[in-house]
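S.K.:
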Amino acid sequence: MSQFVRALFISRKDMESYYSKPPLVTWGLLFPAVLMLAVYVKDPSNYLGVAPGVIAMTLLFGNTSMAAIVVTFEKRSGTLQRLLLAPISSRTILLGKACSAALYGGATSLVLTVGLSLLVGMPIVNPLLLVAALILGAGAFSLLGLAVSASVREVFEAMTLLNFFRFPILFISGVFIPVAHLPTWAKPVAMLSPLTHVVELFRFGLSGQAYFASPAIPAATSVGFLVVSWILAEQAFRRRANQ
Amino acid sequence: MRQGTQEKTGGETAASRDVVIQVQNLAKSYGATRALTNVSFSVRAGEILAYLGPNGAGKTTTINILCGLLDRDAGQARVCGLDIAEDPVRVKQQIGVVPEESNLYPELSCRRNLEYLGELYGLPRTARKERAESLLTLFDLSDKAAAPFRALSRGLKRRLTVAAALIHSPQVVFLDEPTAGLDVPSARALRSLIRTINRDGATVFLTTHNLAEAEALSHRILILVRGRLVAEGTAVEIRRQVEKTRSLSVTLSADVSERMLRDACPDVRSISLVEGAWRLEVTDVHRATAQLLSFADEHGVRILELNTSTPSLEDAFMTILEGDSGKEEAPP
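Line order of the protein sequences matches chains A and B.
The first sequence begins at 1243 in the numbering used here and counts up one residue at a time.
The second sequence begins at 39 in the numbering used here and counts up one residue at a time.
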């Protein structure tokens, strides 16, 4: 049986144990749905400017948090050791954990997107780019969460570390303020944020209009961030496995 | 089922001569603390090896290295003919591990826990379902198959953790303190299962603080102190190493002081009063007995009871520890 199939078994077990629990599904959906509703009620003509950012933010927070919580929890309960003792590589463990977290975040964001489309008629002009944004964002953010969780012992440590990164980038990644409206000094900084590229990819998918001239730019950059996140997470997992 | 299980006192079969664990000059440090220093030993197929030592001796470090959880600093560690550092995935496919803590998935049922581990070990669907059912039966857990792991008692959790280590029929099973914290019936049941596992062909690498358990279960014993192997052999051989020291237990009709007894028996190694009887550790029983008799005559004291005993494994273990501690404390 291949390592890939075993990674899928890890994902399936995590979905069964953690991600399919009703409180988690509602927690992941409720906050962004209420936020979007508030934006829509305030100004129905401008909600589309914020929606891609909120969907990307849902991915960012959902995926990084859940990946970090699951691994930290398993480290504390000793069950992560079960995986380390099994005949699977650290890459297989990483793939399994990342897939389940990505699936959870991706599904939550997809439900939010489809819900907005059905409820308020939000357009989806390019479903392919929307799916690409979901996959790339979910993958990169899950891996970032895993990289952080492998380096800490407690859930609160993981959350604190993640928040140092997550909250500041909300304000420079085009979530609430479009990149075009950012001050000149902030624009280059925005390009370094993975969230910026996921938000812009969502914009291409939903409205067809974004800061970049072509969707290839945020798509390629997001792939780059995905690869970097994988390398970081793999290094962190290897270090952890040998401690 | 594999062949080659050796009877505890019986001769070796051809298969049992095969070495399944080979450790040479293994070393590991945590910062400035040396956890293992030049540890070398081998374990033959079909053996139950007890790996003993006080807390912090390096037992778990050794197991963690042999299971691929920890990198070694120096030396060689081969399991089933493969170097654990070079081929960890293939080694892990051959071994089953029962860690000190029962660490299965609390939210999953007993059956699902076993099946999930079967998935991780690459068992085909039908095989893992059948194996899970047979292990639930063997470990008398069939009526708990649907219960979540978290709902089990400590003893049943331990039993399921041992069962989980066997899901892929490993060649070698590492048991780290398997009966720690269990009540007597649970511990006895588990010891019986360990014998069954070994009879079915698995080599067992056992760490325990329970010396009676080690003596009852194991074919061979290794004693590790401060990261160094200090004794190796069967329980009988290890006892023989310290047999020059014997215990003499004497109950007297009147109170005497320890000093008086020391004066009477100057060669005695140690004296203690245990439940009204004096226990003397001596090297020459005959001389000590004669000295006690003349002491009784001189002081008009009657000897109510006098017994000699050979050292138990625990006595031998303590003597080895004390001897090693003396070496450590001696000036260079």
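Ideal Cβ positions, reconstructed from N, Cα and C, are used throughout, including at glycine.
Considering only the beta carbon of each residue, do residue 1435 (chain A) and residue 1414 (chain A) sit closer than 8 Å?
M.R.: Here the question's residue 1435 (chain A) lines up with position 193 in the first sequence. Here the question's residue 1414 (chain A) lines up with position 172 in the first sequence. It is a contact, given that the beta carbons lie within the stated cut-off.
S.K.: Given a cut-off of 8 Å, decide if residue 1251 (chain A) and residue 249 (chain B) are closer than it, judged by their beta-carbon atoms.
M.R.: For the purposes of this step, residue 249 (chain B) is taken as residue 211 along the second sequence, with counting starting at 1. For the purposes of this step, residue 1251 (chain A) is taken as residue 9 along the first sequence, with counting starting at 1. Against a cut-off of 8 Å, the Cβ pair of residue 1251 (chain A) and residue 249 (chain B) comes out as no contact.
S.K.: Whose C-alpha, out of A:1269, A:1268 and A:1440, is nearest the C-alpha of residue 1377 (chain A)?
M.R.: As a position in the first sequence, residue 1377 (chain A) is number 135, starting the count at 1. Of A:1269, A:1268 and A:1440, the residue nearest in Cα terms is A:1440.
S.K.: Within the 8 Å Cβ cut-off, does residue 146 (chain B) reach chain A?
M.R.: Walking along the second sequence from the start, residue 146 (chain B) turns up at place 108. Yes, because at least one Cβ of chain A sits closer than 8 Å to the Cβ of residue 146 (chain B).
S.K.: How far does the beta strand (DSSP E) with residue 243 (chain B) in it reach, from first residue to last?
M.R.: One-based indexing of the second sequence puts residue 243 (chain B) at position 205. Note, residue 243 (chain B): beta strand (DSSP E), 241-245.
S.K.: Does the CB of residue 58 (chain B) have a neighbour CB from chain A at under 8 Å?
M.R.: In the second sequence, residue 58 (chain B) corresponds to position 20, counting from 1. For residue 58 (chain B), the answer is no, since every Cβ of chain A falls outside 8 Å of its Cβ.
S.K.: Any residues in the region 1309-1322 of chain A with a beta carbon nearer than 8 Å to a beta carbon of chain B? Which ones, in chain order?
M.R.: The residues in question are 1319, 1320 and 1321.
S.K.: For the alpha helix (DSSP H) holding residue 1347 (chain A), just list the boundary residues, first then last.
M.R.: Counted from its first residue, the first sequence places residue 1347 (chain A) at position 105. Taken as a continuous stretch (DSSP letters only), the alpha helix (DSSP H) holding residue 1347 (chain A) covers 1332-1362.
S.K.: Between the alpha carbons of residue 302 (chain B) and residue 327 (chain B), how many angstroms are there, rounded?
M.R.: Here the question's residue 302 (chain B) lines up with position 264 in the second sequence. Here the question's residue 327 (chain B) lines up with position 289 in the second sequence. Taking the straight line from one Cα to the other gives about 10 Å.
S.K.: From what residue to what residue does the beta strand (DSSP E) around residue 79 (chain B) run?
M.R.: The count along the second sequence starts at 1 and reaches residue 79 (chain B) at position 41. 71-82 is the span of the beta strand (DSSP E), which, as asked, contains residue 79 (chain B).
S.K.: Check the Cβ of residue 1328 (chain A) against every Cβ in chain B and list those closer than 8 Å, keeping chain order.
M.R.: If you number the first sequence from 1, residue 1328 (chain A) lands on position 86. Within chain B, the residues near residue 1328 (chain A) are 130, 155, 158 and 159.
S.K.: Give every residue of the same chain whose Cβ lies closer than 8 Å to the Cβ of residue 144 (chain B), excluding the five residues on either side of it in the sequence, and list them in chain order.
M.R.: Here residue 144 (chain B) corresponds to residue number 106 of the second sequence, with the count starting at 1. Closer than 8 Å at Cβ, skipping near neighbours: 186, 187 and 188.
S.K.: For the alpha helix (DSSP H) that contains residue 311 (chain B), what are its first and last residues?
M.R.: Taking the second sequence and counting its residues from 1, one reaches residue 311 (chain B) at position 273. Premise fails: residue 311 (chain B) lies in the beta strand (DSSP E), 308-312, not in any alpha helix (DSSP H).
S.K.: Taking one C-beta from the region 144-156 of chain B and one from the region 219-236 of chain B each time, how about it: are there three or more such pairs within less than 8 Å?
M.R.: Not touching, per the Cβ criterion.
S.K.: Could you check if residue 1310 (chain A) is buried or exposed, using at least 16 other CB atoms within 10 Å of its CB as the buried criterion?
M.R.: Here residue 1310 (chain A) corresponds to residue number 68 of the first sequence, with the count starting at 1. By the neighbour-count rule (16 or more Cβ atoms within 10 Å), residue 1310 (chain A) is buried.
S.K.: Comparing the C-beta of residue 127 (chain B) with each C-beta of chain A, is any distance below 8 Å?
M.R.: On the second sequence, position 89 is the one that residue 127 (chain B) refers to. Yes, residue 127 (chain B) counts as interfacial toward chain A.
S.K.: Flag this pair as yes or no: are the beta carbons of residue 256 (chain B) and residue 83 (chain B) separated by less than 8 Å?
M.R.: Position 218 of the second sequence, counting from 1, holds the residue named residue 256 (chain B). Position 45 of the second sequence, counting from 1, holds the residue named residue 83 (chain B). No; because the gap between Cβ atoms is not below 8 Å, this pair is not in contact.
S.K.: Taking C-beta pairs closer than 8 Å, name the residues in chain E that residue 1248 (chain A) reaches, listed in chain order.
M.R.: Although the question refers to chain E, the structure presented lacks it and instead comprises the protein chains A and B.
S.K.: Give me whichever residues DSSP pairs with residue 68 (chain B) in a beta bridge.
M.R.: If you number the second sequence from 1, residue 68 (chain B) lands on position 30. Paired residue(s): B:71.
S.K.: Please say whether residue 230 (chain B) and residue 183 (chain B) have beta carbons closer to each other than 8 Å?
M.R.: Start at 1 with the first residue of the second sequence, and residue 183 (chain B) comes out as number 145. Start at 1 with the first residue of the second sequence, and residue 230 (chain B) comes out as number 192. No, Cβ-Cβ distance for residue 183 (chain B) and residue 230 (chain B) is not below 8 Å.
S.K.: I think residue 291 (chain B) touches residue 342 (chain B), with their Cβ atoms under 8 Å apart; what is that distance to the nearest whole Å?
M.R.: Position 253 of the second sequence, counted from the first residue, corresponds to residue 291 (chain B). Position 304 of the second sequence, counted from the first residue, corresponds to residue 342 (chain B). That pair is a contact at about 6 Å.
S.K.: To the nearest angstrom, report how far apart residue 1444 (chain A) and residue 134 (chain B) are at their CA atoms.
M.R.: Looking up residue 1444 (chain A) in the first sequence gives position 202. Looking up residue 134 (chain B) in the second sequence gives position 96. So the two alpha carbons sit approximately 47 Å from each other.
S.K.: Within 8 Å (strictly less), CB to CB, does residue 1391 (chain A) reach chain B?
M.R.: To locate residue 1391 (chain A), count along the first sequence from 1; it is residue 149. No, residue 1391 (chain A) does not count as interfacial toward chain B.
S.K.: Please name the residue or residues paired with residue 263 (chain B) in a DSSP beta bridge.
M.R.: Taking the second sequence and counting its residues from 1, the one referred to as residue 263 (chain B) is at position 225. According to DSSP, residue 263 (chain B) bridges with B:266.
S.K.: If contact means a Cβ-Cβ distance below 7 Å, which residues of the region 1254-1265 of chain A contact chain B?
M.R.: Those would be 1255 and 1259, in chain order.
S.K.: Kindly indicate which three-state DSSP category residue 47 (chain B) falls into: helix, strand or coil?
M.R.: Position 9 of the second sequence holds residue 47 (chain B). Because residue 47 (chain B) sits at a pLDDT of 39, beneath the cut-off of 50, its placement in the model cannot be relied upon, and the point is left open.
S.K.: Which residues in the same chain as residue 64 (chain B) place their Cβ atom closer than 8 Å to its Cβ, once the five residues preceding and following it in sequence are excluded?
M.R.: Position 26 of the second sequence, counting from 1, holds the residue named residue 64 (chain B). Around residue 64 (chain B): 74, 76, 77, 78, 100, 103, 110, 112, 113, 114 and 115.
S.K.: Could you tell me whether the region 218-227 of chain B touches the region 192-202 of chain B, where touching means 3 or more Cβ pairs closer than 8 Å?
M.R.: Flag = yes, the region 218-227 of chain B and the region 192-202 of chain B touch.
S.K.: Express the C-alpha separation of residue 1283 (chain A) and residue 1276 (chain A) in angstroms, rounding to a whole number.
M.R.: Counted from its first residue, the first sequence places residue 1276 (chain A) at position 34. Counted from its first residue, the first sequence places residue 1283 (chain A) at position 41. Distance between the alpha carbons of residue 1276 (chain A) and residue 1283 (chain A) is about 10 Å.
S.K.: Any beta carbon from chain B within less than 8 Å of residue 1331 (chain A)'s own beta carbon?
M.R.: For the purposes of this step, residue 1331 (chain A) is taken as the residue at position 89 of the first sequence. Interface residue, yes.
S.K.: Examine chain A for any beta-carbon lying closer than 8 Å to the beta-carbon of residue 210 (chain B), and answer yes or no.
M.R.: Here residue 210 (chain B) is taken as the residue at index 172 of the second sequence, counted from 1. So no, residue 210 (chain B) is outside the interface.
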